[in-house]
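Enquirer: Taken in order, the sequence shown gives residues 758 to 936; the numbers are from my numbering.
Got a structure here, written out as structure tokens. Questions coming.
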Amino acid sequence: RAYDAAISNVKIFGTTAFAYIPFSCAPALVAIISDFILALDVVDIAIVYARNKEGIRFSIRSERPALHAGDLIVLALTDPGSGGGHPSMAGGMIPLENVSLLGSNLQVSIHERFLKAEEQLSNEHFVHLSNKCSPMLFQTFYFVEQHLNVLSVMHRYAYILFPVYNQTVHLFLAFAPQN
758 RAYDAAISNV KIFGTTAFAY IPFSCAPALV AIISDFILAL DVVDIAIVYA
808 RNKEGIRFSI RSERPALHAG DLIVLALTDP GSGGGHPSMA GGMIPLENVS
858 LLGSNLQVSI HERFLKAEEQ LSNEHFVHLS NKCSPMLFQT FYFVEQHLNV
908 LSVMHRYAYI LFPVYNQTVH LFLAFAPQN
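Listed below in structure tokens is the structure:
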């Protein structure tokens with residue numbers, strides 16, 4: 758029943774998947790379903806959450822090397838709840854008394870919180886990278902842009918995904934702006 762609910766409620770934004778289980782189920786089952794959702798080809802972050810008598814329980818899985826699952830859940834649940842974990846898996850909880858802080862549309866609020874946290878952590882990674890890498894030639898960026906799928910460009914940085922032997926390679930580029 759929980760698998761059916763999660764699968765029928767999956768929402769995917771970019772490569773981040775959310776699955777909502779609108780009833781109580783064992784925390785271990787929420788984690789197992791999170792692993793299952795992560796196995797989808799188009800997903801590299803799975804966020805599964807379920808209501809229970811204590812509130813809302815979360816399980817996060819990440820295959821994105823640049824995004825620490827524990828940091829993601831801590832940032833996303835800072836005000837209404839708490840969480841923590843490891844680079845590739847994390848968990849958290851919003852206590853029942855704080856669920857009302859999410860507003861009338863629970864799912865939209867949760868999606869927005871996690872997507873905003875994901876963007877913030879990605880921006881921090883760009884800054885961290887820029888301090889360690891020397892700028893690449895602007896012409897190199899144009900070559901990459903013309904041949905690969907550029908998902909976003911932030912100032913002097915690009916985040917690019919491209920397939921290599923049935924895997925997705927994540928590439929962060931720093932480049933010098935054209936004068």
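By construction, the Cβ of each residue, glycine as well, lies at the ideal position given by its N, Cα and C atoms.
I need the DSSP call for Ser816, collapsed to helix, strand or coil.
Expert: Ser816 falls in the strand class under three-state DSSP.
Enquirer: Residue range of the alpha helix (DSSP H) that Ser765 falls in?
Expert: Its alpha helix (DSSP H) spans residues 759–765.
Enquirer: Suppose contacts are defined by Cβ-Cβ distances below 7 Å. Is Arg818 in contact with Ser791 by that definition?
Expert: Yes, these two residues count as a Cβ contact at 7 Å.
Enquirer: Identify, in the order they occur along the chain, each residue of the same chain with its Cβ nearer than 6 Å to the Cβ of Leu859, setting aside the five sequence neighbours on each side.
Expert: Taken in chain order, the residues that qualify are Ser866.
Enquirer: Find the nearest neighbour of Ala785 within the set Asp798, Tyr760, Glu854, judged by alpha-carbon distance.
Expert: Ranking Asp798, Tyr760, Glu854 by Cα distance to Ala785 puts Tyr760 first.
Enquirer: Identify the continuous alpha helix (DSSP H) that holds Gly827 and give its terminal residues.
Expert: Where Gly827 is concerned, the enclosing alpha helix (DSSP H) stretches over 826–833.
Enquirer: Is Gln864 near the ligand SAM, with its Cβ less than 6 Å from a heavy atom?
Expert: Only the bare structure without any ligand can be found here, which leaves the ligand SAM out of the picture.
Enquirer: Does the beta-carbon of Gly841 have 16 or more other beta-carbons within 10 angstroms, so that it is buried, or is it exposed?
Expert: Classification of Gly841: exposed, given that the 10 Å Cβ count is below 16.
Enquirer: Which whole-angstrom value describes the C-beta separation of Pro852 and Gly838, a residue pair presumed to lie in contact below a C-beta threshold of 8 Å?
Expert: Going by Cβ atoms, the distance from Pro852 to Gly838 rounds to 6 Å, so yes, they are a contact pair.
Enquirer: Helix or strand or just coil, what does DSSP make of Gly771?
Expert: Coil.
Enquirer: Please state whether DSSP places Arg870 in a helix, a strand or coil.
Expert: Arg870: helix per DSSP, three-state reduction.
Enquirer: Judging by CA-CA distance, which residue of Tyr806, Ile789, Ala826 is the nearest neighbour of Lys768?
Expert: Comparing Cα positions, the closest option is Tyr806.
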